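Per this note's numbering, the very first residue in the sequence shown carries number 743; after that it's consecutive.
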Amino acid sequence: MIPVMNVSRQYALIEDTLDKAALDVLHSGQYILGNKVLEFEHSFARYCGVKYAIGVGNGTDALAIALRACGVEEGDEVITSAMSFFATAESITAVGGKPVFVDCTSDTYLLDASLIEDVITEKTKAIIPIHLYGQCADMDAINKIAHRHNLKVIEDAAQAAGSSYKGCKAGSLADVACFSFFPTKNLGAAGDGGMILTNDETIYKQCMALRVHGSGENGAFMYYMRKGDAPVELDFGDNLPKYYNYVIGYNSRLDALQAALLTAKLPYLDEWNKRRNEIAKRYDDAFCNLSGIKIPFTRVENNHCYYVYVLLVDDRNDFRKYLEQKGIATGVYFPVALHLQTVFENLGYKVGDMPNAEYLAEHGVAIPMFPELMDAEIEAVIEAIKNYHAEVSCHGK
Ligand SMILES: *Cc1c(COP(=O)(O)O)cnc(C)c1O
């Protein structure tokens, strides 16, 4: 079976480097925060062109912590796209906010900026655009609207490590950005991991506080800032600042072990993304003229990083079954639009509210895409899809 994604091949390619990085951490005895985490935070911030980085436990926590640091509280509304991984909307609810969905566009499947202003209320605090599949959202339009209404913008860049928009890296395009290092992501750890990036010192300090139970100097900063008080002189005596708590936070740190592995992998990211683009180009060329199959659309200002390569097909079930018989795996990202998830029933959305997101949920199909995909496998995928198309056309469609 040719898989949609595969993380073992990448490990095999740089096994020695990764083993050494992992062993260094094991021998060091420094497993929580410390130099390895600082080093990766610095390298990733530099790579993305951003001042501050905060390594956290996973991408979902990154979003929740970023929302809290942006001041989202109980009852606040946060606007996001109806098409994303569940965690985008879950994080809004997790901090007490209410997700307000807008549809995505029919060509890129990214948040449709032209729909945002219709749903802004006095409770709206922030917007979360998602760089879906590795293509950056319409950031200039979104930032302009946010500025006009005094809203914060949080990039969900979980699928976009190394992607860029108008020459600037995903992660540097808004007030704050969130990444996931889930193993299959473009930059993947050997377990869970996440990162928050920002140029805003106030957001940075609050994220630093929130990832360690709202404790220490950063916790105090957040507490007194929110109260509107002048900062007080802190006196922890002979005790550790981490045992002084000021806000309710999280236990969510990027593991030193994951940080070391990610530092070792980061130098390869551009090369890997380049290979993803080569594969995408071959797929595009092969499928662009097949009726009933639509290739992904990339806006000119974007440098895509193809976390996944998604085709729109008329008969998805038949298409997937056919490929499976030919030994080719496919995936669906994602089968349920967020506004139709059962858990959000109480928000009152119904089928038909977000036609583009719903169309993608029914017709989108991801085919194998990862840098270590071999040429023979790419050819096999192309041939199978062309044969499928020929067979379907022959059956008098
Ligand atoms: C993967 C992903 C997340 C969540 O990241 P985790 O590290 O799995 O918590 C959030 N948003 C999007 C768009 C994702 O793809």
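Note that CB positions come from ideal geometry on N, CA and C, so glycine has one too. Computed from a prediction, not measured in an experiment: that's the story for all the values here.
{"Check": "Counting by C-beta, which residues lie closer than 6 Å to a heavy atom of ligand 1, in chain order?", "Outcome": "800, 801, 802, 826, 827, 829, 830, 872, 898, 900, 901, 922, 924, 934 and 936"}
{"Check": "Using CA coordinates, which residue listed in 981, 800 and 1070 is at the minimum distance from residue 746?", "Outcome": "1070"}
{"Check": "Can you give me the start and stop residues for the alpha helix (DSSP H) that residue 945 sits inside?", "Outcome": "943-952"}
{"Check": "Work out the CA separation of residue 819 and residue 961 for me, nearest whole Å.", "Outcome": "25 Å"}
{"Check": "If you draw a straight line from the alpha carbon of residue 1032 to that of residue 1038, how long is it in whole angstroms?", "Outcome": "13 Å"}
{"Check": "Applying the criterion that 16 or more other CB atoms from any shown protein chain within 10 Å of the CB defines a buried residue, is residue 784 buried or exposed?", "Outcome": "exposed"}
{"Check": "Per DSSP, residue 848 forms a beta bridge with which residues?", "Outcome": "Partner(s): none; residue 848 has no beta bridge."}
{"Check": "Considering only DSSP beta bridges, list what residue 798 is partnered with.", "Outcome": "936"}
{"Check": "Cβ of residue 1125 within 8 Å of Cβ of residue 1058?", "Outcome": "no"}
{"Check": "From residue 958 to residue 986, what distance separates their C-alpha atoms?", "Outcome": "6 Å"}
{"Check": "Which complete beta strand (DSSP E) runs does the segment 826-910 hold, if anything under 3 residues is left out?", "Outcome": "840-844, 866-870 and 894-898"}
{"Check": "For residue 1013, tell me which candidate among 1128, 827, 963 and 903 has the shortest Cα-Cα distance.", "Outcome": "903"}
{"Check": "For residue 923, name the three-state secondary structure that DSSP assigns.", "Outcome": "coil"}
{"Check": "Note down, in chain order, each residue of its chain lying with its Cβ closer than 7 Å to the Cβ of residue 934, except the 5 sequence neighbours on either side.", "Outcome": "799, 800 and 924"}
{"Check": "Between residue 771 and residue 996, what straight-line distance do the alpha-carbon atoms span, to the nearest angstrom?", "Outcome": "16 Å"}
{"Check": "First and last residue of the beta strand (DSSP E) that includes residue 822?", "Outcome": "819-823"}
{"Check": "Quick one: is residue 1085 buried, meaning 16 or more other Cβ sit within 10 Å of its Cβ, or exposed?", "Outcome": "exposed"}
{"Check": "How is residue 1092 classed by DSSP in three states: helix, strand or coil?", "Outcome": "coil"}
{"Check": "Report yes if the CB atom of residue 920 is closer than 8 Å to the CB atom of residue 898, and no otherwise.", "Outcome": "yes"}
{"Check": "So the candidates are 861, 1003 and 1106; which of them puts its Cα closest to the Cα of residue 1141?", "Outcome": "Any answer about residue 1141 is impossible in this case: the structure gives the chain only from 743 up to 1139."}
{"Check": "I'd like the span of the beta strand (DSSP E) that includes residue 1055, first residue to last.", "Outcome": "1051-1055"}
{"Check": "Assign residue 990 to one of two classes, buried (16 or more other C-beta atoms within 10 Å of its C-beta) or exposed (fewer than that).", "Outcome": "exposed"}
{"Check": "Does the beta-carbon of residue 1000 have 16 or more other beta-carbons within 10 angstroms, so that it is buried, or is it exposed?", "Outcome": "buried"}
{"Check": "Whole-angstrom Cβ separation of residue 868 and residue 852, contact assumed at under 8 Å?", "Outcome": "Not quite, the Cβ-Cβ distance comes to about 17 Å (not below 8 Å), so this is no contact."}
{"Check": "Out of 1113, 968 and 994, which one is the CA nearest neighbour of residue 950?", "Outcome": "994"}
{"Check": "Between which residues of its own chain and residue 850 is the CB-CB distance below 7 Å, once the five residues before and five after are set aside?", "Outcome": "877, 1039 and 1041"}
{"Check": "Grab the span of the beta strand (DSSP E) containing residue 1108 for me, first residue to last.", "Outcome": "1106-1109"}
{"Check": "Using alpha carbons as the reference points, say which of 829, 906, 963 and 792 lies closest to residue 922.", "Outcome": "829"}
{"Check": "Using CA atoms only, rank isn't needed, just tell me which of 1081, 998 and 1131 is closest to residue 769.", "Outcome": "998"}
{"Check": "For the segment 952-1037, which segments carrying the alpha helix (DSSP H) assignment without a break, of at least 4 residues, lie completely within its bounds, in sequence order?", "Outcome": "958-969, 998-1007 and 1011-1029"}
{"Check": "What's the call for residue 1022, buried or exposed, on a 16-neighbour Cβ count within 10 Å?", "Outcome": "buried"}
{"Check": "In three-state DSSP terms, what is residue 1139?", "Outcome": "Annotation note: pLDDT 48 at residue 1139 (below 50); position unreliable, coordinate value reported separately. Residue 1139 falls in the coil class under three-state DSSP."}
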